[in-house]
Amino acid sequence: MGFIKTLRETINRGMNNACQEWLNPYYDNLLWCLELNQVSNPLDDGLLWDMGQTGGDGLKAVDSKHRRPDRRLRSALLCHKKAVQARNRIAGRMGTEHKCFTNVIVCISDITWRRDIASNNGVNIKALANNLCCRHAQDFKGSIQEGRSPRYLIRADSRLKPDQVVFWFGNGIYFPRLGEPPELYVGLELDGLIIAPPTLSG
1 MGFIKTLRET
11 INRGMNNACQ
21 EWLNPYYDNL
31 LWCLELNQVS
41 NPLDDGLLWD
51 MGQTGGDGLK
61 AVDSKHRRPD
71 RRLRSALLCH
81 KKAVQARNRI
91 AGRMGTEHKC
101 FTNVIVCISD
111 ITWRRDIASN
121 NGVNIKALAN
131 NLCCRHAQDF
141 KGSIQEGRSP
151 RYLIRADSRL
161 KPDQVVFWFG
171 NGIYFPRLGE
181 PPELYVGLEL
191 DGLIIAPPTL
201 SG
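Position 97 (the sequence shown) corresponds to 97 in the numbering used here; numbering is contiguous.
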């Protein structure tokens, strides 16, 4: 009897400590946005990922909403997941599972971007994307949707200060695999005349 009571208490404690969403959703819940301020090194993947992966000035970084130093990208991804339909292998029925988002846009300041391009040919920017992908895959390997792997896009944002970093993720962001065919095409027609869409470049 004591074992069952202890088991129930452990389960209840885990449910009470379950992660709650703390970011504001954007665009009808399609996107989540995490903004970090007081970031001493915007190209340090450990500092951006988790407070436990940094030290010194890296501990000063805080999220803009709650001003908490423990709210970094890892905790944002942990608390904001997507619901997907999946078959329960034991029961054989369809059910809902919560999976980690895998596509993330990281916005850094224009100054940080240009400085790394000029001095290192963008090596630190590329390393940031690669290292965040590795951390993401390692920490969420049991929560990533089958057939998906983490993908990161680092971009410059002229509105950001050098000590700010902004992350966007959610159902509204999808980076296709190399060579993945599009699922649909969107066409533009005006008075029966098909208009070619503008060509987009990097």
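The beta carbon of each residue, even a glycine, is placed where N, CA and C say it ideally should be. The model shown is predicted, which means the values in this text are computed figures rather than measured ones.
For residue i, which three-state DSSP category applies?
i	result
glycine 46	helix
leucine 178	coil
serine 143	coil
cysteine 133	helix
valine 186	coil
isoleucine 173	coil
aspartate 157	strand
asparagine 120	helix
tryptophan 168	strand
leucine 128	helix
arginine 114	helix
Ordered along the chain, which non-local residues of its own chain (more than five positions away) have a Cβ less than 8 Å from that of residue i?
i	result
cysteine 133	Ser149, Pro150, Arg151 and Tyr152
alanine 129	Val106, Tyr152, Leu153 and Ile154
leucine 30	Gly170, Asn171 and Gly172
asparagine 88	Met94 and Gly95
Kindly list the residues whose CB is nearer than 6 Å to the CB of residue i, restricted to its own chain and excluding five residues on each side of it in sequence; keep chain order.
i	result
aspartate 110	Ala156 and Ser158
glutamine 53	Gly46
phenylalanine 140	Cys100
cysteine 97	According to the sequence shown, residue 97 is glutamate rather than cysteine. Excluding sequence neighbours, glutamate 97 sits near Val84 and Ala86.
For residue i, I'd like the list of residues in its chain whose CB is within less than 7 Å of its CB, leaving aside the five on either flank, ordered along the chain.
i	result
aspartate 70	Met51
leucine 73	Leu34, Leu48, Trp49 and Phe167
glycine 187	Ile194
alanine 196	none
Under the assumption that residue i contacts residue j (Cβ atoms under 8 Å), give the Cβ distance between them as a whole number of angstroms.
i	j	result
cysteine 33	leucine 78	About 16 Å; that fails the 8 Å criterion.
lysine 81	lysine 65	Rounded, the Cβ-Cβ distance is 19 Å, inconsistent with contact.
leucine 23	alanine 76	6 Å
leucine 36	aspartate 57	Rounded, the Cβ-Cβ distance is 13 Å, inconsistent with contact.
leucine 43	threonine 112	7 Å
Practice item. Only counting runs of 4 or more residues, tell me where the alpha helix (DSSP H) segments fall wholly within the segment 30 to 100, in order along the chain. Key: Fully enclosed alpha helix (DSSP H) runs of 4 or longer: 45 to 49 and 73 to 79.
Review point. How about the segment 186 to 196 and the segment 154 to 167: do they share at least three Cβ pairs that are nearer than 8 Å?
Key: no
Exercise for review: State whether the segment 118 to 132 contacts the segment 167 to 183, with contact taken as three or more CB pairs (one from each stretch) at a distance under 8 Å.
Suggested key: no
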